[in-house]
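In the numbering used here, the protein residues as written are 391 to 491.
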């Protein structure tokens, strides 16, 4: 995962949409592993941690949706629980106009 370059301010950054796109590139042949990986990354974003030395942005609605999409591909109650858990995180997350995409 490389960073995006902001030519106006001459700095590198990643935003929540970058991570949403990254999550959607996970391996579709193993939805369970990909859903788990996406949820772990979402939680790191929510807790303002780092990922490969990149300071993570706060998640937006799109990143929550991407993780719920992964869980929806997992069959049975495990997939339902995954979607419900992520939705609960979304309900508890502070949202501003900047993170509604």
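Ideal placement from N, C-alpha and C gives every residue a C-beta, glycine not left out.
Closest residue to residue i among the options (Cα-Cα distance)
i           : options               : result
residue 425 : 434, 483, 413 and 435 : 413
residue 476 : 436, 466 and 465      : 436
residue 441 : 455, 481 and 404      : 404
residue 462 : 438, 484 and 418      : 418
residue 407 : 446, 439 and 423      : 446
Burial state of residue i (16 or more Cβ within 10 Å)
i           : result
residue 449 : buried
residue 410 : buried
residue 332 : A question about residue 332 goes unanswered here, because the residues of the chain that appear run from 391 up to 491.
residue 482 : exposed
residue 468 : exposed
residue 429 : buried
For residue j and residue i, the rounded distance between their alpha carbons
i           : j           : result
residue 472 : residue 451 : 16 Å
residue 499 : residue 444 : No statement about residue 499 is possible, as the shown extent of the chain runs from 391 to 491 and does not include it.
residue 460 : residue 474 : 12 Å
residue 423 : residue 439 : 21 Å
Proximity below 8 Å, CB of residue i to CB of residue j
i           : j           : result
residue 431 : residue 454 : no
residue 416 : residue 433 : no
8 Å Cβ cutoff, residue i in contact with chain C
i           : result
residue 409 : Absent from the structure: chain C. Only one protein chain is present.
Item to complete: Pick out the complete alpha helix (DSSP H) segments inside the segment 411-447, 4 residues or longer, and give them in chain order.
Response: Runs of the alpha helix (DSSP H) inside the segment 411-447: 421-436.
request  = Report the residue ranges of all alpha helix (DSSP H) runs contained in full by the segment 445-475; include only those spanning at least 4 residues, in chain order.
outcome  = With a minimum length of 4 residues, the continuous alpha helix (DSSP H) runs that stay inside the segment 445-475 are 451-462.
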